[in-house]
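Q:
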Amino acid sequence: MPSVAAIILAAGRSSRYADKAYKKPFAPLADRPVWLHSTQKFADRDDVKQAIVVVSADDAEFFREKFGANLAFSGIEVAIGGDERYDSVAAALALVRDDIELVAIHDAARPCVESSDIDKVIMAAAQQGAAILAVPVVDTLKRAGKAKEVEATVNRAGLWAAQTPQVFSRELIVEAYAKRGTDPATDDAELVERLGHKVQLVEGNATNIKITKRGDLKLAEQILRHAAPTTTGGSRHPFADDDLWR
165 MPSVAAIILA AGRSSRYADK AYKKPFAPLA DRPVWLHSTQ KFADRDDVKQ
215 AIVVVSADDA EFFREKFGAN LAFSGIEVAI GGDERYDSVA AALALVRDDI
265 ELVAIHDAAR PCVESSDIDK VIMAAAQQGA AILAVPVVDT LKRAGKAKEV
315 EATVNRAGLW AAQTPQVFSR ELIVEAYAKR GTDPATDDAE LVERLGHKVQ
365 LVEGNATNIK ITKRGDLKLA EQILRHAAPT TTGGSRHPFA DDDLWR
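Residues 165 to 410 in our numbering are what the sequence shown spells out, letter by letter.
#1: Checking 9 angstroms against the spacing of the C-beta atoms, do Val363 and Ala268 come in under that value?
#2: Below 8 angstroms on the Cβ atoms is my contact criterion, and I expect Pro329 with Ile282 to pass it. Report the Cβ-Cβ distance as a whole number of Å.
#3: At the level of alpha carbons, what is the spacing between Asp262 and Tyr341?
#4: At what residues does the alpha helix (DSSP H) containing Lys382 begin and finish?
#5: Just checking my contact of Leu266 with Ala290 at CB under 8 angstroms: how many whole Å lie between their CB atoms?
#6: Using a Cβ-Cβ cut-off of 6 angstroms (strictly less than) and excluding sequence neighbours within five positions of Trp199, which residues of its own chain qualify?
#7: Could you tell me which uninterrupted alpha helix (DSSP H) segments, each at least 4 residues in length, are contained entirely in the region 316 to 366, listed from first to last along the chain?
#8: Taking only runs of the alpha helix (DSSP H) that begin and end inside the region 246 to 278, which ones reach a length of at least 4 residues, in chain order?
#9: Quick check on Ala391: buried or exposed, where buried means 16 or more other Cβ atoms within 10 Å of its Cβ?
#10: Spatial neighbours of Lys284 within its chain, please: C-beta separation below 7 angstroms, excluding the five flanking residues on both sides.
#11: Using only CA atoms, which one of Ser252, Phe237, Ala294, Thr371 lies nearest to Ile488?
#12: Are Ala326 and Leu305 closer than 9 angstroms when you measure CB to CB?
#13: With distances taken from CA atoms, which of Ala215, Ala221, Asp351 is nearest Asp247?
#14: Would the region 307 to 323 count as touching the region 340 to 356 if we require 3 or more Cβ pairs under 8 angstroms?
#15: So, helix, strand or coil for Arg209, using DSSP?
#16: By how many angstroms is the C-alpha of Ala311 removed from the C-alpha of Asp347?
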């Protein structure tokens, strides 16, 4: 069983999430904050030897005050993110221990990822060095012009929608970030692709939604309510849910 470090990204601006009370990683979902659902999917695993949550500098004080007990009890580390996603990942990578073999990078805003899918993508990365969860595109795709009129219909054959977690050997993802340059990348896998390394697609589930708008919380709650309450490796890092929102 390879050793895994889990990086949970919760440092985004939540610009499309219209809620003045909470940013989306900290919004209440089924009696827990969103980030805690996502983190627990990894922190409960026996193969996860290090868990790092990345938050923005603006949220760091609030995060530690609100959730400090959970962090201390579970041994979760906190990294301070930057302006862009790659800045946040780089900050967390700097904390990953040398004895770690694989690094799993996951969006805090995807709290519904299934443990069985985490199993599959970790196994694929252990064999191939790089693997990501993704789902085949099934909808008809249209390219829009400036006036939001259809400019073209896009052939969806061979197209997949990338999800997280994305899992890489530690050496590979560290190298990819060291050589990332200045060209923007939409996800971590793209940086690995630039090195010429193949990235394995592992078919995930449509239920692994990314919370973007407030309405997505209702759907996420329904998904979590009907999900099987099983996690690989038992409950190595139990979380106390009481008083989170009191």
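Note that beta-carbon positions come from the ideal geometry of N, C-alpha and C, so glycine has one too. Computed from a predicted structure; not experimentally measured.
A: From the atom records:
#1: no
#2: 6 angstroms
#3: 16 angstroms
#4: 380 to 390
#5: 6 angstroms
#6: Ala174, Pro189, Ala272
#7: 334 to 342, 352 to 358
#8: 249 to 257
#9: exposed
#10: Val366
#11: Outside the shown range of the chain, which is 165 to 410, sits residue 488, and nothing can be said about it.
#12: no
#13: Ala221
#14: no
#15: coil
#16: 28 angstroms
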